[in-house]
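Just below is one structure, and these are the notes that go with it.
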Amino acid sequence: MLMLAALSVAGSRPAAAQTDAWRHQSSPVLQTGPSGAWDDVEAYAPRILNRTDGEPYVDADGRYYLFYTGTGRATVPRDETGLARSRNLVTWERVSDKRPVLALGPASAYDQGDVSAVTILEENGLFHMWYEGNGRVVNSDLVTINYATSRDAITWTKYQDNPVLRQGPGDDHGDLYAPIVINDHGLWKMWYTGHDDRGRYGLMHATALAPQGPWTKSSDTFIFYPGDLFPCELWKERGIYYLLYMQSDTGFRQILLATSIDGVRWIHRGSVFEPAPGRAWDSRTVRWATQMHVRGTWFTFYDASGPGGRAIGMAQSQARYGFVSGGTGKPGPPLDPGAEVSGATVRIGWLPPASGDPPLGYRVEIGRQFGAADVAVLDVDADAREAAMILPEGRYFARITAQNAAGTGPPSHDVAFTTLACGSPPDDPLITWRGPVPDATDVASTVVRWEPSTFGCQAASWIVEAGSRPGLADLAVIETTETRASLRLRPGSTAFVRVRGKNGFGIGMPSTERGITTAK
Numbered sequence: 031m032l033m034l035a036a037l038s039v040a041g042s043r044p045a046a047a048q049t050d051a052w053r054h055q056s057s058p059v060l061q062t063g064p065s066g067a068w069d070d071v072e073a074y075a076p077r078i079l080n081r082t083d084g085e086p087y088v089d090a091d092g093r094y095y096l097f098y099t100g101t102g103r104a105t106v107p108r109d110e111t112g113l114a115r116s117r118n119l120v121t122w123e124r125v126s127d128k129r130p131v132l133a134l135g136p137a138s139a140y141d142q143g144d145v146s147a148v149t150i151l152e153e154n155g156l157f158h159m160w161y162e163g164n165g166r167v168v169n170s171d172l173v174t175i176n177y178a179t180s181r182d183a184i185t186w187t188k189y190q191d192n193p194v195l196r197q198g199p200g201d202d203h204g205d206l207y208a209p210i211v212i213n214d215h216g217l218w219k220m221w222y223t224g225h226d227d228r229g230r231y232g233l234m235h236a237t238a239l240a241p242q243g244p245w246t247k248s249s250d251t252f253i254f255y256p257g258d259l260f261p262c263e264l265w266k267e268r269g270i271y272y273l274l275y276m277q278s279d280t281g282f283r284q285i286l287l288a289t290s291i292d293g294v295r296w297i298h299r300g301s302v303f304e305p306a307p308g309r310a311w312d313s314r315t316v317r318w319a320t321q322m323h324v325r326g327t328w329f330t331f332y333d334a335s336g337p338g339g340r341a342i343g344m345a346q347s348q349a350r351y352g353f354v355s356g357g358t359g360k361p362g363p364p365l366d367p368g369a370e371v372s373g374a375t376v377r378i379g380w381l382p383p384a385s386g387d388p389p390l391g392y393r394v395e396i397g398r399q400f401g402a403a404d405v406a407v408l409d410v411d412a413d414a415r416e417a418a419m420i421l422p423e424g425r426y427f428a429r430i431t432a433q434n435a436a437g438t439g440p441p442s443h444d445v446a447f448t449t450l451a452c453g454s455p456p457d458d459p460l461i462t463w464r465g466p467v468p469d470a471t472d473v474a475s476t477v478v479r480w481e482p483s484t485f486g487c488q489a490a491s492w493i494v495e496a497g498s499r500p501g502l503a504d505l506a507v508i509e510t511t512e513t514r515a516s517l518r519l520r521p522g523s524t525a526f527v528r529v530r531g532k533n534g535f536g537i538g539m540p541s542t543e544r545g546i547t548t549a550k
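Count along the sequence shown from 1, add 30, and you get the number used in my numbering.
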């Protein structure tokens, strides 16, 4: 039997700030080039140049780099990759109006139809780019994932053995889109969209020891398919993978968040970014969110559209993402879940949701597998920020949901933890009542109640000691399996009572001693 206890510790952690108030730039930060430019038809899909440590790249002149996909009248509908630079993140200057930095390949090449950069990283002075290459020019796609390098981020050399990832026998049999790449402690990891024979677009995964590969797919099937999705941004923080993605089957109306503990098993968390209402250029769709953190502020660049056209916009926020309620009335997901383990005891903690309506309570779910709740379900009050429990030795996964009258909101991400076998006596319990037995006719009848400790090993039985002076047990010694005991003391006397837990490893430390005085 599992012992579960909720600990109400409101105020022990700082309150979560509301993070869904994005400050949108009033006008686009990058639009199509002038007439005759290589990108005079469209400019979209912004991509920030970051270092492999996740920080934005800044050159010697203090400029940030923003790559984007563009189309011009001379090449429409084929896409190429351009570059703009900025010192203030608002005013962006194109490197060139005359030519892209990554151009279409020759006729019949793997990238003759499109070259669209998706991930660009700098490491030790070398720039890495992973891009979509389309082997077809019009009416259909044959998209693969390709690799290029540069020493200045302007002149790029395509890898001689491209494509580095191509169609397989499974769910990427049709096309491979949107390669998002990170370096995770020396292992290169890629997430991309596979296009299958049924017309679906789902998340897939591959790894490599070198940026150019060879890349090994973790599966021939989608690892995440909440709908037709394309990844936008991915990062790892404190052992958790975070994915921002967009969905074409919902009309690109949202940027969504999913989290994972291993980069393969994902859970959808909610909408984090939506179009700005009432504006001509970004009120209909948002796509290709890409982010950088500068001087304490998150800058999110995105591709947007409205009745006035399509352009690249920017929004600022104090937190990297903020959940959008969507008007459901339910709470958003609890934030920053964590687990602290001591032997067989685990303390699960969280912060309140930063979105949705206020919670009236929380539910903590514990399971033996990711997303499962087969071990324990614990409901706690709205002011609780922690729940402690004792579990048998093993590996577990926990998550928290917030609840109110409208229902249960989306879950936090899963927290993985391992408890160890108990090998010690129980910790000291807490005496919660000592005094006369209610409605007893015998004034000398006294009851003592206690609560087991939420930490340490479980007790098989309890020993109640009563003495005429502190520390003595000359009046009574009782062993019971219940968490209460009745004592018969002399009328008008005072006894000092303590309780100890007992299990196969011995007798534990006593509780704080309490005095009891009976009526005369």
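Think of the CB as a built atom: it goes at the ideal place given N, C-alpha and C, for glycine as much as any other residue.
- Secondary structure note for residue 262: its beta strand (DSSP E) is the uninterrupted segment 259-267.
- Residue burial is scored here from C-beta neighbours: residue 510 has fewer than 16 other C-beta atoms within 10 angstroms and is therefore classed as exposed.
- Counting C-beta pairs with one atom in each stretch, the stretch 253-268 and the stretch 231-242 have three or more that are closer than 8 Å, which means they touch.
- Sequence-distant partners of residue 533 (beyond 5 residues in either direction) whose C-beta falls short of 7 Å from its own C-beta, in its chain, are 455, 456, 487, 488, 489, 490.
- By the neighbour-count definition (other C-beta atoms within 10 Å, threshold 16), residue 374 is a buried residue.
- Each of 539, 540, 545 was checked against the Cα of residue 523, and the nearest Cα belongs to 545.
- CA-CA distance, residue 116 to residue 93, rounds to 5 Å.
- From the listed residues 431, 287, 402, the smallest Cα separation to residue 409 is found for 431.
- No Cβ-Cβ contact shorter than 8 Å links residue 175 with residue 145.
- Remark: three or more beta-carbon pairs, one from each stretch, lie closer than 8 Å, so the stretch 436-447 and the stretch 359-377 are flagged as touching.
- Scanning the stretch 294-372 for uninterrupted beta strand (DSSP E) segments of 3 residues or longer gives 296-303, 315-324, 327-336, 339-347, 365-372, listed from N- to C-terminal end.
- Rounded to whole angstroms, the separation of the alpha carbons of residue 245 and residue 403 is 35 Å.
- Within its own chain, the residues whose Cβ lies closer than 6 Å to the Cβ of residue 152, once the five positions on either side in sequence are excluded, are 81, 87, listed in chain order.
- 8 Å or more divides the Cβ of residue 161 from the Cβ of residue 134.
- In the three-state reduction of the DSSP assignment, residue 214 falls in the strand class.
- In this chain, the beta strand (DSSP E) harbouring residue 396 covers 391-397.
- Three or more Cβ pairs closer than 8 Å define a contact, and the stretch 491-498 falls short of that threshold against the stretch 422-429.
- At the C-beta level, residue 330 and residue 321 come within 8 Å of one another.
- Residue 205 sits in a strand when the DSSP states are folded into three classes.
- Rounded to whole angstroms, the separation of the alpha carbons of residue 61 and residue 342 is 6 Å.
- Here residue 456 is bridged, per DSSP, to 486.
- The straight-line gap separating the alpha-carbon atoms of residue 287 and residue 186 is approximately 32 Å.
- Judged by beta-carbon spacing, residue 388 lies beyond the 8 Å limit of residue 363, meaning their Cβ atoms are not closer than that value.
- Residue 85 counts as exposed, since fewer than 16 other beta carbons sit within 10 angstroms of its beta carbon.
- Taking 8 Å as the cut-off, the beta carbon of residue 319 is found no closer than this to the beta carbon of residue 378.
- In the three-state reduction of the DSSP assignment, residue 411 falls in the strand class, which pools E and B.
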